[in-house]
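For reference, the structure discussed in these notes is given below.
Protein chains: 2
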Amino acid sequence: MSDELPPGLALSWGVHPVQRRGPKPALSVEQIVDTGIEFGDSQGFEAISLQKIAAHLGVSTNAMYRYVRSKDELIVLVQDKAFGLPPELPEGWREAATAWVHAQVERFTERPWLLDVPIRGAPVTPNSLRWVEVMLQALESTGLSMHDNLGCLLLLNGFAHNYASLVRQLGASDDMAVQAEAVGRFLVPRLIDGDYPMLTALYTNQEYEDGIDDDLEFGLARILDGIQVLIDSH
Amino acid sequence: MSDELPPGLALSWGVHPVQRRGPKPALSVEQIVDTGIEFGDSQGFEAISLQKIAAHLGVSTNAMYRYVRSKDELIVLVQDKAFGLPPELPEGWREAATAWVHAQVERFTERPWLLDVPIRGAPVTPNSLRWVEVMLQALESTGLSMHDNLGCLLLLNGFAHNYASLVRQLGASDDMAVQAEAVGRFLVPRLIDGDYPMLTALYTNQEYEDGIDDDLEFGLARILDGIQVLIDSH
DNA sequence: TGAAATAGCGTATGGATTGAACAGTTTCGG
DNA sequence: CCGAAACTGTTCAATCCATACGCTATTTCA
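The listed protein sequences derive, respectively, from chains A and B. Start counting the first sequence at 1; every next residue gets the next number (UniProt numbering). Start counting the second sequence at 1; every next residue gets the next number (UniProt numbering).
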């Protein structure tokens, strides 16, 4: 029965198997999850491995499997705890959605490795569901159907993830400027030869320098305007 | 000089180091990339490993490193070729954007493993850039700035990726129905206890059964309407 | 007090990416 | 025409990673 549940579901809601006999656990799931977050923060997503966590906590690798059933389970727990709870949202669906997206982008900026966590399925953990819950509450005032609200939420969530991902990859490396120039030098002749007029213009005019700080507001404004059109049409 | 270029850039544009001496290569990069796509199609993204490709082609694992510098490089090449070229877009930015998004979703549906390819940086490969190029051309008629056009493109692209990803994970498993019920049974009491009114309603009313086929059109309509609002305001 | 349950450990397997050294093959330079 | 340079694929190896199995030691319930 409990076996059919997705990894991490039970543990994230605090359902531990009741211990009856045997030695006391040297560790706790919480400790393991915290260590995972620590490693993610300091060395990125791929540094979150059972081996490293075990070594850091002074136990053998396989001792981990007394606490989590698989690495996937661990990742779900780490993700939920690292993302944390959503903020209080202001009144008004538009302001609320803006705050919600900004908060998500902030989380991803603080912990970029969260962007690397593969999406395994619909959210089922407490904190993730709390994010959904607060946004659905804010969207209630639009008078749209639950189905439409979910569509809007998906749109906003996807956008936040996408934008954060973009920001990270563009701001990732210090040598990005150097490398971008090298790429341009390599690419431009081929773009001209290969009939890519728009991209050629983009690269040679350096219009792409505009900075992407506005892109968050830009995309968000488009989505919100689109939702507004839907609301008005009802 | 060529070392500073991102992995796969040179190779994807057909720049092979000119061979002058030594034995003739037993393989070609193209052969390797095709095999990678084959494995991805038949066994998913994680089946694309240098070991398996090498074994399938009858050479040792490390022989691969004569052709590609790293697995990352291979993945870039595989991704570009597997995604292929964009379709011809119809007249009118709205129709074009719709066709563009649909085409992307189709690609992701045909080869779901493309969704698993980690995004490494701005697109630099021929096919990927072609997708950008055609959409930018279609957006030219809107009269918006290049910056705004890029913002729109980012929005559409992110949405397509996001939607395809959602479709896959929901339609992924046959036992999804079974599992969803088990999850519901586990979750609902906790949602009630934990003060998640919207989600409780969602789960108990089975409103989430509505089907996500419309979600593509829904989200797309929101984005396009939002862009339209921007155009009108100019 | 003894038996059952359970924790951590050692050992082991199978897989991945990548490096170093080496031997064979081809072709250019003279 | 021949040696040397360049480049090939190979073996061997190191270093990670996630798991599985079985053992021993510990704790607690009956």
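Cβ atoms here follow ideal geometry from the backbone N, Cα and C, with glycine treated the same way.
Start and end residues, alpha helix (DSSP H) containing residue i
{"i": "S42/B", "result": "29-43"}
{"i": "S128/B", "result": "126-139"}
{"i": "I48/B", "result": "Neither: I48/B is in no alpha helix (DSSP H) and is coded neither H nor E."}
{"i": "S60/A", "result": "Careful: S60/A lies outside any alpha helix (DSSP H) and carries neither H nor E."}
{"i": "D148/B", "result": "146-171"}
{"i": "E91/B", "result": "Counting along the chain, E91/B falls outside any alpha helix (DSSP H), and DSSP gives it neither H nor E."}
{"i": "S233/A", "result": "Neither: S233/A is in no alpha helix (DSSP H) and is coded neither H nor E."}
{"i": "Y203/B", "result": "197-204"}
{"i": "S12/B", "result": "9-12"}
{"i": "A82/B", "result": "71-83"}
Beta carbon proximity, residue i to chain A, threshold 8 Å
{"i": "E73/B", "result": "no"}
{"i": "F45/B", "result": "no"}
{"i": "D80/B", "result": "no"}
{"i": "A182/B", "result": "yes"}
{"i": "S141/B", "result": "no"}
{"i": "I119/B", "result": "yes"}
{"i": "V101/B", "result": "no"}
{"i": "Q51/B", "result": "no"}
{"i": "Q104/B", "result": "no"}
{"i": "H16/B", "result": "no"}
{"i": "Q31/B", "result": "no"}
{"i": "residue 236/B", "result": "Summary: the structure shown does not reach residue 236/B, with chain B confined to residues 1 through 234, and so no result is reported for it."}
{"i": "M198/B", "result": "yes"}
{"i": "L230/B", "result": "yes"}
{"i": "L89/B", "result": "no"}
{"i": "L9/B", "result": "yes"}
{"i": "H234/B", "result": "no"}
Residues that residue i contacts on chain A, provided the C-beta gap is smaller than 7 Å
{"i": "I227/B", "result": "R222"}
{"i": "V124/B", "result": "V183, L187"}
{"i": "L85/B", "result": "Those within 7 Å of L85/B in chain A number zero; the least Cβ separation is about 12 Å."}
Within chain B, the residues that residue i reaches when beta carbons sit closer than 7 Å
{"i": "D215/A", "result": "G151, L154"}
{"i": "L114/A", "result": "Within chain B, no residue comes near L114/A; the closest Cβ sits about 14 Å away, beyond 7 Å."}
{"i": "L27/A", "result": "Going along chain B, no residue has its Cβ under 7 Å from L27/A, so there is no contact; the nearest lies around 25 Å."}
C-beta neighbour in chain B for residue i, strict 8 Å
{"i": "R111/A", "result": "no"}
{"i": "F218/A", "result": "yes"}
{"i": "E133/A", "result": "yes"}
{"i": "L144/A", "result": "no"}
{"i": "S165/A", "result": "yes"}
{"i": "L202/A", "result": "yes"}
Rounded Cβ spacing between residue i and residue j (contact assumed at less than 8 Å)
{"i": "V183/B", "j": "T200/B", "result": "With 8 Å as the limit, V183/B and T200/B do not qualify as a contact, their Cβ atoms being about 14 Å apart."}
{"i": "F45/A", "j": "V117/A", "result": "7 Å"}
{"i": "P86/B", "j": "W100/B", "result": "7 Å"}
{"i": "F83/B", "j": "S12/B", "result": "That belief does not hold up - the Cβ atoms of F83/B and S12/B are roughly 12 Å apart, past 8 Å."}
{"i": "P123/B", "j": "S70/B", "result": "Incorrect: roughly 19 Å between the Cβ atoms, too far for contact."}
{"i": "V78/B", "j": "G36/B", "result": "4 Å"}
{"i": "R185/A", "j": "L115/A", "result": "That pair is no contact at about 29 Å."}
{"i": "L74/B", "j": "I32/B", "result": "7 Å"}
Residue i: contacting residues in chain A (beta-carbon distance under 8 Å)
{"i": "P6/B", "result": "Q179, V183"}
{"i": "L77/B", "result": "Residues of chain A passing the Cβ test: none, with the nearest at roughly 16 Å."}
{"i": "D148/B", "result": "F218"}
Chain-ordered chain A contacts of residue i [CB-CB under 9 Å]
{"i": "N162/B", "result": "L154, L155, N157, G158, F159, H161, N162"}
{"i": "W13/B", "result": "F186, L187, R190, G194"}
Partner residues on chain B for residue i, Cβ-Cβ distance less than 8 Å
{"i": "L136/A", "result": "M198, L199, L202"}
**Study point:** In chain order, each beta strand (DSSP E) run of at least 3 residues that lies wholly inside the region 98-124 of chain B
**Key:** none
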